[in-house]
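A.B. asks: Numbering (our numbering), first residue to last: 8 to 294. Ideal placement from N, C-alpha and C gives every residue a C-beta, glycine not left out. Since we're looking at a predicted model, the values are computed, not measured. Pasting a structure here, questions to come.
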Amino acid sequence: MALSCSASMGVWPENATKRKLYSKLREALRIRESIPMLVAYRQGRQFFRYNHAMAKFFALIPAAGSGSRMGNELPKQYLPLAGRPMIYHALRTLCGSPRIAGVFVVLAPGDSEWSRYDWSEFSGKLMVFDCGGAARAESILNGLKAAPGATSIGDDDWVLVHDAARPCLSAAQLDKLMDELADDAVGGLLAVPVADTLKRSDASSRVECTESREGLWQAQTPQMFRYKLLVDALSRVGGAAMTDDAGAVEALGLHPRLVLSDTRNLKVTYPQDLALAELILQERKPQ
Ligand code: CTP
Ligand code: MG
């Protein structure tokens, strides 16, 4: 349930008219901002007060990978991009959102790069854990388990998992994700419909057939799920096999929602992706 709505004096009204009014009131309160709200409502002689608190939003950046496909000794989250280490850009967008209460960064144990930079501009929201695991899902699960020791995070709060390797996430894409999923029962992810024609190859790289791209999407991050659901899902699937969080949630039999994004939110995987990411970030800079 998207709302956490509890009656401080209350009881579910005993007659049908009051019940209808109560339901309308609850419906009217389906606001999207993450501010707790105290509502007073007078009906006849009875005085109901409802503490209507929306779930909070947190973000988690797994940054414990080595960037093996990038082929650089420096893990890719620290490669220079538009004058900053790559992870800075995702941090700036996530910490810059007034709707996000806190941002967790999960580093590899023994990471010696993080401390070389000044992160003080994010100090109001940033929480750093050095408990990364052997696979992405493991890093995320370890970070989620460490989070309650650093801040108050509830089972129903949202966690937006975002790869350090997607530096071009825009504030508009982030807002769209939160807007579209804030009332969702499952959660979901940014994604783009597949644009290219898809070919299936045989063992010698010859086309075996053309696949329909109908209904196919490319998953991006952030992927946004309730804290407890994500912990449960990732605990069940175990680390290695899952390359995204939605996959772990799908394995529970749930159907995360796809929120339309665009290809500018690219993942930097290979050296040639860096130049493209740089162009996207330069284009966005205020004149
Ligand atoms: N990640 C992580 N812990 C791991 C592996 C990956 O926290 N054990 C993080 C990466 O740092 C990155 C995100 O998960 O922010 C997405 O992973 P990917 O793009 O695959 O990065 P790497 O695993 O570092 O790169 P590669 O697969 O080329 O080695
Ligand atoms: Mg990887």
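#1: According to DSSP, is Leu-205 part of a helix, a strand, or is it coil?
#2: By Cβ distance, which residues of its chain are closer than 8 Å to Thr-217, with the 5 residues on each side in sequence left out?
#3: Report whether the distance from the Cβ of Gln-227 to the nearest heavy atom of the ligand CTP is below 6 Å.
#4: Rounded to whole angstroms, what is the Cα-Cα separation between Arg-173 and Ala-210?
#5: Does the ligand CTP have even one heavy atom less than 6 Å from the beta-carbon of Gln-279?
#6: Can you check the region 133-198 for any beta strand (DSSP E) of at least 3 residues that lies completely inside it and give the ranges in chain order?
#7: Confirm the yes/no value for this check: CB of Ser-146, any heavy atom of the ligand CTP, distance under 6 Å.
#8: Residues in the same chain with beta-carbon distance under 8 Å from Asp-182, minus the five sequence neighbours each way, listed in chain order, please.
#9: Grab the span of the beta strand (DSSP E) containing Met-93 for me, first residue to last.
#10: Could you spell out where the alpha helix (DSSP H) holding Arg-106 opens and where it closes?
#11: From this set, Gly-140, Leu-88, Pro-87 and Arg-123, which residue's C-alpha is nearest Gly-245's C-alpha?
#12: Confirm the yes/no value for this check: CB of Ser-119, any heavy atom of the ligand CTP, distance under 6 Å.
#13: Can you give, in chain order, each stretch of the alpha helix (DSSP H) that sits fully within the region 202-284 and has at least 4 residues?
#14: Indicate, with yes or no, if the ligand CTP has a heavy atom lying under 6 Å from the CB of Gly-139.
#15: Can you give me the Cβ contacts of Leu-98 inside the same chain, cut-off strictly under 6 Å, excluding the 5 residues immediately before and after it?
#16: In whole angstroms, what is the alpha-carbon distance linking Glu-187 and Pro-263?
#17: Tell me whether the beta-carbon of Val-113 lies closer than 7 Å to the beta-carbon of Ser-73.
#18: If you reduce the DSSP assignment to three classes, tell me which class Leu-286 lands in.
#19: Is it right to say Val-214 is buried, meaning 16 or more other beta carbons lie within 10 angstroms of its own, or is it exposed?
#20: Below 8 Å on the Cβ atoms is my contact criterion, and I expect Ala-178 with Met-249 to pass it. Report the Cβ-Cβ distance as a whole number of Å.
#21: Compare the C-alpha of Trp-224 against each of Leu-267, Asp-125 and Asp-164 and name the closest.
#22: Looking only at its own chain, which residues have a Cβ that is under 6 Å from the Cβ of Val-135, when we skip the five neighbours before and after it?
#23: Between the Cα of Gly-254 and the Cα atoms of Asp-269, Thr-270, Phe-232 and Ala-171, which residue gives the shortest distance?
#24: Would you kindly check if the distance between the Cβ of Ala-284 and the Cβ of Asp-251 is under 7 Å?
C.D. replies: The relevant details are as follows:
#1: strand
#2: Thr-204, Leu-205, Lys-206 and Arg-207
#3: The answer is no for Gln-227.
#4: 32 Å
#5: no
#6: 133-136 and 165-168
#7: yes
#8: Ser-104 and Arg-106
#9: First-last for Met-93: 93-102, but that is the alpha helix (DSSP H), not the beta strand (DSSP E).
#10: From DSSP, Arg-106 is part of no alpha helix (DSSP H); its letter is neither H nor E.
#11: Gly-140
#12: no
#13: 234-244 and 252-257
#14: Flag set: Cβ of Gly-139 near the ligand CTP.
#15: Phe-129
#16: 12 Å
#17: no
#18: If DSSP states are grouped into helix, strand and coil, Leu-286 belongs with the helices.
#19: Answer is exposed; the Cβ neighbour count stays below 16.
#20: 28 Å between Cβ atoms; not a contact.
#21: Leu-267
#22: Val-112
#23: Phe-232
#24: no
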